[in-house]
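Here is the structure we will look at, set down as structure tokens.
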Amino acid sequence: MTQRDLIKAALCGEPSYVWRAGQQRRLEMIVRAAGARVGGRILENGCGVGMYLERLQTLGGRAFGLEFDFDRAAQARRRATAVVNAAGENLPYPAGTFDLVLSHEVLEHVQDDRRSLEEIVRVLKPGGRLILFVPNRGYPFETHGIYWRGKYRFGNIPLVNYLPRRWRDRLAPHVRVYSRRDLTRLFAGLPVRFVERTVIFGAYDNLIARFGPAGKALRAILQFLEKTPLKGLGLSHFWVAERL
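The sequence shown begins at 74 in the numbering used here and counts up by one.
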């Protein structure tokens, strides 16, 4: 990575560039949680380079993308035409526009996560759903890298998220991480009901590519833990909220 790429990774995260088992699994979760809403108007809020958006627009509805980073928005337009370059805190859509909003590992990067969430709820139709993925503080690794001695270090850093919040935020000031309590507070007072609230592990495609059957066995074990109390160690929160 160039220094420019590293800075962008720190501030905006790294979107999906290759479609693999992990992305496919999450797409199937999105479709299941959305139900018939996939045939309506869909917004991917923070669409990156358009990997999910490209597939959402094939499901029978009309899919729109919003991306803060100009270069990534331009790349997303190669996969889907209805992409705008804007910030999540001020969505350029009227209230009650969408049947479904997907926010996939984005809320942790915005300037104001509460304001962004309010905007998502505003643009949902009554009965419309938000599908939200955000990083889980219980995961043993900080996947967005850290700042150490004034330099950004990209990669999976162990145990950072288990530090006291003020220490953790000094090492990773560029990205938020959420406990279940954090998310509950974030949604407080918004006109939604929760359809699903859980934690999921990743698909670990890189480990499988490197270690083959051993990587697949690890993935199977970790994804089994999603059915147990140990899901609290999972990679991401998966929440589905419906507009009242």
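Note that beta-carbon positions come from the ideal geometry of N, C-alpha and C, so glycine has one too.
Taking the straight line between their C-alpha atoms, what separation do you get for residue i and residue j?
{"i": "A106", "j": "A159", "result": "26 Å"}
{"i": "F260", "j": "P213", "result": "25 Å"}
{"i": "K198", "j": "G285", "result": "45 Å"}
{"i": "Y235", "j": "R210", "result": "7 Å"}
{"i": "H247", "j": "Q296", "result": "28 Å"}
{"i": "G228", "j": "D278", "result": "16 Å"}
{"i": "D264", "j": "R316", "result": "Checking the sequence shown, residue 264 turns out to be Pro, not Asp. Distance between the alpha carbons of P264 and R316 is about 6 Å."}
{"i": "R93", "j": "K300", "result": "23 Å"}
{"i": "E117", "j": "Y225", "result": "28 Å"}
{"i": "R238", "j": "D255", "result": "12 Å"}
{"i": "R188", "j": "T216", "result": "24 Å"}
{"i": "L306", "j": "R253", "result": "12 Å"}
{"i": "R243", "j": "G134", "result": "43 Å"}
{"i": "R99", "j": "W240", "result": "32 Å"}
Measure the beta-carbon distance from residue i to residue j and round it to whole angstroms, keeping in mind my assumption that it falls under 8 Å.
{"i": "L308", "j": "I273", "result": "7 Å"}
{"i": "V174", "j": "G161", "result": "Going by Cβ atoms, the distance from V174 to G161 rounds to 10 Å, so no, they are not a contact pair."}
{"i": "H177", "j": "Y251", "result": "Incorrect: roughly 14 Å between the Cβ atoms, too far for contact."}
Taking all protein chains shown into account, decide if residue i is buried (16 or more other Cβ within 10 angstroms of its Cβ) or exposed.
{"i": "R222", "result": "exposed"}
{"i": "A109", "result": "exposed"}
{"i": "R258", "result": "exposed"}
{"i": "W312", "result": "buried"}
{"i": "R283", "result": "exposed"}
{"i": "A293", "result": "exposed"}
{"i": "P208", "result": "buried"}
{"i": "D185", "result": "exposed"}
{"i": "T143", "result": "The sequence given here has Phe at residue 143, not Thr. The residue in question, F143, is exposed, as its Cβ has fewer than 16 Cβ neighbours within 10 Å."}
{"i": "R151", "result": "exposed"}
{"i": "A290", "result": "exposed"}
Going by C-alpha distance, which of the options is nearest residue i?
{"i": "A148", "options": "L132, Y125 and G134", "result": "The residue you asked about is not Ala; residue 148 is Gln in the sequence shown. Comparing Cα positions, the closest option is Y125."}
{"i": "T131", "options": "G113, F143, R195 and A314", "result": "G113"}
{"i": "V111", "options": "I204, L303, L190 and R152", "result": "I204"}
{"i": "E191", "options": "N163, G200, K304 and H217", "result": "N163"}
{"i": "A155", "options": "P167, E269, R266 and I115", "result": "I115"}
{"i": "V91", "options": "L298, E117 and E127", "result": "E127"}
{"i": "E181", "options": "R99, A245, A290 and P167", "result": "A245"}
{"i": "Y166", "options": "A153, K289 and R195", "result": "R195"}
{"i": "A146", "options": "C120, G133 and G169", "result": "C120"}
{"i": "R202", "options": "L306, V250, S89 and I103", "result": "I103"}
{"i": "Q96", "options": "H310, P237, A314 and G275", "result": "G275"}
{"i": "V122", "options": "G288, A287, F141 and G134", "result": "F141"}
{"i": "E269", "options": "F206, G262, A287 and W240", "result": "F206"}
{"i": "F267", "options": "R98, G200, G138 and L129", "result": "G200"}
Does DSSP classify residue i as helix, strand or coil?
{"i": "H177", "result": "strand"}
{"i": "L232", "result": "coil"}
{"i": "W92", "result": "coil"}
{"i": "E191", "result": "helix"}
{"i": "H310", "result": "strand"}
{"i": "N118", "result": "strand"}
{"i": "L203", "result": "strand"}
{"i": "D142", "result": "coil"}
{"i": "N163", "result": "coil"}
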